[in-house]
Each structure stands twice: as structure tokens, then as C-alpha cells.
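Structure first, commentary second.
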Amino acid sequence: MASGVTSLSLVRDELFATMEEAESSLEQFIAERMNGSLLQQAVENLQQVRGTLKLIELTGAELLAQEVLDQATDIPTGAGEERDAQLSALSNALHVLRRYLESMDTHRQEIPELLLPAINDLRRSGGQPALAESFFFSVRLDMPRPHAPTQALDAAAKEALGRKMRRAYQVGLLGFIKQQATKASLTLMCKAMSRIDQLFANESRGRLCWVASAALEAQLDGDMLVRNSRKQLFSRLDRELKKLLNSADYEPPRSLLKELLYVVALSDSSGPLVTSIRSVFRLPSLPFTDQLLEQEYLRLAGPGQAVIRSLTSAIREELSSVKDSLDLIERGTLDEENLSNLYALIGKLGKTLGMVGLSSSGHALAEHLPVVANWVSGNAPQPGELNKIADSVLFVEGMVASLSSGSSKRSQRKTPAAEVSEVDMFALLQLNEARIVVIDEAKTSIALTKRSVTAYLESNGERSHLANVPFSLQAVRGGLWFLGQERAAALVGACADYIQEQMLDISQIPSEQTLESLADALASLEYYLETEQSAQNSDGTSVLDMASESIRALGVQVAA
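The sequence shown runs 4 to 563 under this note's numbering.
Quick look at the structure:
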């Protein structure tokens with residue numbers, strides 16, 4: 004008998020009918036929890052579903068069916084509210100399983116990884132640990148590492164530099180976990196892990212850093228999703244770094260190596276570390292990417308971010324209609340139907356915005372309803388009324404623009420509409436936009452500085468590559484000072500002074516160690532600017548401490 008996807012068509016009708024009966028019985032039990040016969044009927048149907056999936060060898064679907072059966076068997080007759088989460092997870096899992104099998108029947112492709120979110124939701128609701136992302140992934144872990152160059156340092160120096168780089172990794176990890184300037188956080192983590200790898204490349208404990216560096220590059224270069232499982236993975240990596248730095252005989256856990264290699268295999272990155280690891284471990288080419296898995300799971304599970312995007316699109320269309328109406332009124336076209344439509348639109352938008360959590364935005368529009376009602380009654384607009392409504396529309400557009408990322412909701416939870424007026428909120432948005440422009444310019448200047456220093460090295464000290472760098476960095480210093488970032492401004496100024504005095508005014512190229520300290524300082528400042536741009540509470544002081552330490556290593560005195 005054929006197995007897998009091919010066999011599904013042979014049992015399709017009976018299997019789907021049994022699943023539908025199981026879903027129906029479970030839904031009725033959720034409404035009538037004292038009726039144990041409904042739950043028993045659901046369990047019996049689930050046993051049949053699990054048996055059929057096992058027979059046709061659909062491993063992922065069978066695992067999900069087994070988890071559903073185990074959880075359903077655990078539910079007692081008369082289950083109270085404490086079982087609501089478990090029952091909800093059961094209903095969702097059955098829905099996902101049916102959609103998955105329908106999709107497989109149509110597209111003839113089995114991707115069991117799509118079922119892991121539903122499986123893990125079930126396991127968590129039942130108090131069991133989640134399965135790893137790499138659960139369905141297979142790879143040989145004993146492939147030898149090619150010889151790599153290492154830094155020639157004594158044991159004490161290695162330990163000191165290792166601790167410093169672990170601290171840098173932790174700063175980046177904190178930003179990654181909080182999703183503050185994620186790319187900058189990952190860049191800092193990559194740099195720190197790479198430096199640790201250089202210390203122990205040809206020792207057994209260096210194997211973890213080698214694979215981890217590739218996984219971090221994959222996460223960054225492949226623009227992979229910031230899943231909770233990734234946060235946990237890279238947090239676990241930090242705990243292992245502590246053990247690694249304290250033991251020359253350290254051996255990495257096989258489960259951790261497998262998980263890191265799965266991240267590399269999943270990424271579509273073509274970075275140098277990723278390419279090398281793929282070659283050494285002969286990683287298979289997966290038929291999906293991180294983004295595809297997310298999109299497909301959302302499609303299987305139902306509404307998600309796609310609904311939010313549709314909602315914001317609809318709100319923008321209605322805001323555009325409001326602006327068109329205001330334009331007609333300004334031109335003197337006081338059509339009664341147009342005014343009535345404007346009144347209805349503003350009222351509808353106010354309610355919609357309130358429902359999605361943008362309460363201050365909804366309030367900003369709704370407070371203009373009496374004015375528009377006055378126009379509908381035949382009264383001409385008074386001076387300034389149109390401008391006030393137009394300002395409110397612009398304010399709402401700014402808030403809706405960030406709805407999909409959730410930042411507007413955070414802002415409104417911190418600053419209720421009753422405490423801050425619409426005018427003040429609009430002014431804050433404009434001020435924040437100006438702040439973003441200044442920080443963007445600062446980030447660009449520091450990125451150009453890093454490239455200029457690289458070009459200077461590659462050209463064996465050709466100073467023309469650095470000609471504009473001090474001026475550019477001094478402009479950054481001024482912008483940061485204007486924003487009240489005096490300490491960051493002083494550190495940027497110190498870098499500018501060092502480049503001018505030690506690299507432009509002197510023909511001798513600084514030592515490799517000195518240039519590494521300069522690179523560390525610039526990377527820390529770049530990371531600091533990224534976290535500042537995220538407008539979240541980040542560990543900025545710690546990052547500036549790192550930049551300050553690197554600048555002092557250049558022999559430049561800076562304030563603590």
C-alpha cells in the first residue's frame with residue numbers, strides 16, 4: 004500500500020467525516036460540560052483519526068492527532084473554567100489538523116513543521132514542555148571542523164576577553180529579547196560570538212561558538228522571525244557560554260547544536276559562515292523558509308496579522324474619503340449628502356479605532372462630530388474648523404501607520420487620551436519624526452565611518468578615505484547633543500578626534516588591536532542609536548559603558 008500523501012486520497016472522505024464528528028462533539032461538550040457521552044464520542048472519533056493517520060504514515064499529522072487524543076482523554080466530565088485554555092487549544096488543534104490535511108490533499112506536499120505551533124500550544128496547555136523547532140529535522144553532528152586561525156593570547160587574556168565579549172553578547176541578547184532595534188542587537192551578538200570563536204576555534208569548546216556564529220548570521224542576514232523559541236535558544240546559548248568560558252574541556256549539548264544547525268538550514272542567507280556550515284554539515288535544502296512557515300500556519304490557524312493589515316488598509320481608505328470630503332468643503336461644495344456621508348464616516352471611524360485599541364485616535368475624531376452635525380444642519384464652517392479636523396486626520400494616520408507593529412497601542416496605554424490632548428499628541432508625533440531623522444543621519448554617518456576605516460586598511464593606510472570622517476562625526480556629535488544625548492555625543496566626538504589626530508595627522512597605521520577597539524566603539528555607538536530609534540527602554544547606559552571602555556583603550560580620555 005502507498006504511504007503518506009499518496010494514500011491520503013484513499014481515505015480522505017472517511018477521515019474528514021470522522022474529524023468533523025470529533026469537532027462537533029467537542030464543541031457541544033464545551034457548551035454542555037456535564038454531558039460525558041459527548042466527550043467520549045469525541046475521544047472515540049479521535050482514536051479512529053489517529054489510527055488512520057498512523058496507517059498512511061503521515062508522521063506530523065499523526066503526532067498532532069496523538070497530542071489531541073491525549074489532551075481530550077485528560078479532560079474530565081464537568082470540567083470548569085480552569086480547563087478553558089486546554090479546551091480552546093484542542094479546538095484550535097483540530098481546526099489546524101483538518102486545514103493541514105485539506106491543503107496536503109490539494110498541494111500534495113507534507114510539511115510537518117507547520118503543525119508544531121498547534122502541537123506546542125496543546126502541550127503547554129497540558130503542562131508539558133514544548134517540542135523544539137528542529138523536532139522534524141535530521142543532521143549529523145559529528146562532522147569535523149576545518150582548521151581556523153586563532154588569537155595568540157595567554158589563558159588569562161583569553162578569559163578576560165571572553166568575559167568582555169560575553170557581556171557584549173548579553174547586551175545584544177537583551178535588545179533581541181525585547182525586540183529593540185533587532186538588527187543592531189543581532190549584529191552585536193554576531194560580533195561578540197565571532198570574537199569568542201577566534202579565541203577557542205581549534206579547541207573542543209570552540210565548536211559551539213563556530214556553529215552559533217553561523218546561526219546568528221543566518222538569523223540576521225536571512226531576516227528571520229523573532230520567535231519566542233529563538234529568544235529561548237539564544238538565551239540558552241548565553242548560559243552555555245558561561246560554562247564554556249569556565250572549562251577548557253567543555254563539550255556542547257547535542258540538542259543545542261542541532262537547534263542551531265536547523266536555524267542555519269532554515270535561513271535563505273548566503274553569508275560566509277552560513278555557506279561554510281552548510282557545506283561541512285551537508286545540510287539539506289529545506290522546501291520552506293521561516294517566513295513561509297509563518298504565513299502558512301497563519302493561513303491554517305485563521306486570522307492573524309493579515310487581518311490587522313486588512314483592517315489598517317480599510318481605515319486608510321476611509322481616512323482618504325474623509326480628506327476628499329474636507330477638500331470639497333474647502334472649495335465651497337457644501338452638498339448635504341456629502342456632509343452627511345462625512346458625519347457617518349467620522350462616527351464609524353471613531354468607533355472602529357476605539358475597538359482596535361486606538362482610543363485617543365478615535366476620541367480625536369469623535370470630538371469633531373458636533374461640528375460636522377452643525378454643518379449638516381445648514382450652518383457654514385467657521386474659520387479654523389476645517390483645519391482642526393484635518394489635523395486630527397493627520398494625527399490618526401500617524402497612529403494607524405504603526406498599528407501593525409503594535410507601537411501605537413503601547414503608546415496609548417502609557418498616555419491615555421484623557422491626559423494628553425489631540426494637539427499635544429500630534430505635536431509629539433511631529434517631534435518624534437524629527438528625532439528619527441536626526442538619529443537616521445547619525446546612524447548613516449557612523450556606518451559610512453566604518454566603511455571608510457575598512458577602505459583605509461585595505462588601501463594600506465591611504466588617508467584620503469578618512470578625509471571627511473571627522474567632519475561627519477562632529478556633525479553627529481552636534482545632532483546628539485541637540486537631542487540631549489550628551490554622553491553619546493561626547494563619545495562620538497572622541498572617535499572623531501582620534502581619527503583626526505592618530506590616523507589623518509599621522510602617517511603611521513595604528514596597530515590591529517587599536518583598530519579593533521575603534522571598531523568596537525563604533526559598533527557600540529551604532530547599536531546605541533538603533534535602540535534609541537526604537538523608542539523603547541533599552542539598556543543604553545550599559546552600551547555606552549562598552550563604547551567608553553573601547554575608547555579609553557585607544558588612549559583617549561572620556562567622562563565615565
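Note that CB positions come from ideal geometry on N, CA and C, so glycine has one too.
Leaving out five residues before and five after residue i in sequence, what residues of the same chain have Cβ atoms less than 6 Å from its Cβ?
i	result
serine 448	Ser475, Val479
leucine 483	Ala491, Ala492
leucine 236	Glu262
alanine 88	Ser128
aspartate 271	Gly225, Thr292
leucine 100	Leu67
arginine 198	Met168
isoleucine 280	Ala217, Val267
aspartate 523	Ser553
tyrosine 530	Ala187, Leu191, Val546
I'd like the span of the alpha helix (DSSP H) that includes residue i, first residue to last.
i	result
glutamate 105	87 to 110
glutamine 235	231 to 248
glutamine 31	8 to 34
aspartate 73	62 to 77
glycine 482	472 to 485
serine 128	119 to 128
glutamate 465	Taken as a continuous stretch (DSSP letters only), glutamate 465 belongs to no alpha helix (DSSP H), as it is neither H nor E.
arginine 490	489 to 501
glutamine 385	That residue, glutamine 385, is in no alpha helix (DSSP H); it is neither H nor E in DSSP.
valine 559	Unbroken run through valine 559: none, as it is neither H nor E.
leucine 301	293 to 304
leucine 372	372 to 379
My output table needs one value for residue i: the three-state DSSP class, helix, strand or coil.
i	result
glutamate 220	helix
serine 395	helix
serine 288	coil
isoleucine 280	helix
phenylalanine 139	coil
tyrosine 253	coil
asparagine 48	helix
methionine 227	coil
glutamate 552	helix
valine 266	helix
threonine 452	helix
aspartate 338	coil
threonine 80	coil
alanine 5	Annotation note: pLDDT 42 at alanine 5 (below 50); position unreliable, coordinate value reported separately. In the structure shown, alanine 5 sits in coil (DSSP, three-state: anything other than H, G, I, E or B).
glycine 39	helix
leucine 144	coil
histidine 150	coil
proline 115	helix
proline 275	helix
serine 514	coil
leucine 329	helix
isoleucine 59	coil
isoleucine 349	helix
glutamine 505	helix
With a 10 Å radius around its C-beta and 16 neighbouring C-beta atoms as the bar for buried, classify residue i as buried or exposed.
i	result
threonine 190	buried
serine 141	exposed
glutamine 201	buried
histidine 371	buried
glycine 83	exposed
valine 71	buried
glutamate 35	exposed
asparagine 48	buried
asparagine 123	buried
glutamine 308	Confidence at glutamine 308 is low in this model, with a pLDDT of 45, below 50, so its placement is unreliable and no value can be given for it.
aspartate 208	Per the sequence shown, the amino acid found at residue 208 is arginine instead of aspartate. It counts as buried.
glycine 81	exposed
glutamine 74	buried
leucine 13	exposed
leucine 58	exposed
glycine 381	exposed
methionine 549	buried
glycine 130	exposed
Going along the chain, which residues of its own chain have a beta-carbon closer than 7 Å to the beta-carbon of residue i, five neighbours each way excluded?
i	result
arginine 257	Leu144
phenylalanine 32	Asn38, Leu41, Leu42, Ala45
alanine 445	Val479, Gly482, Leu483, Leu532
arginine 555	Val561
Please go through the same chain and pick out, in chain order, the residues whose beta-carbon is closer than 8 Å to the beta-carbon of residue i, but skip the five residues on each side of it.
i	result
leucine 134	Leu119, Ile122, Asn123, Arg126
glutamate 422	Unreliable positioning characterises glutamate 422 in this predicted model, as indicated by a pLDDT of 40, which lies under 50. The coordinate reading is nonetheless provided below. Result list for glutamate 422: empty, nothing under 8 Å.
Residue ranges of each alpha helix (DSSP H) within the region 159 to 215, 4 or longer: 185 to 203
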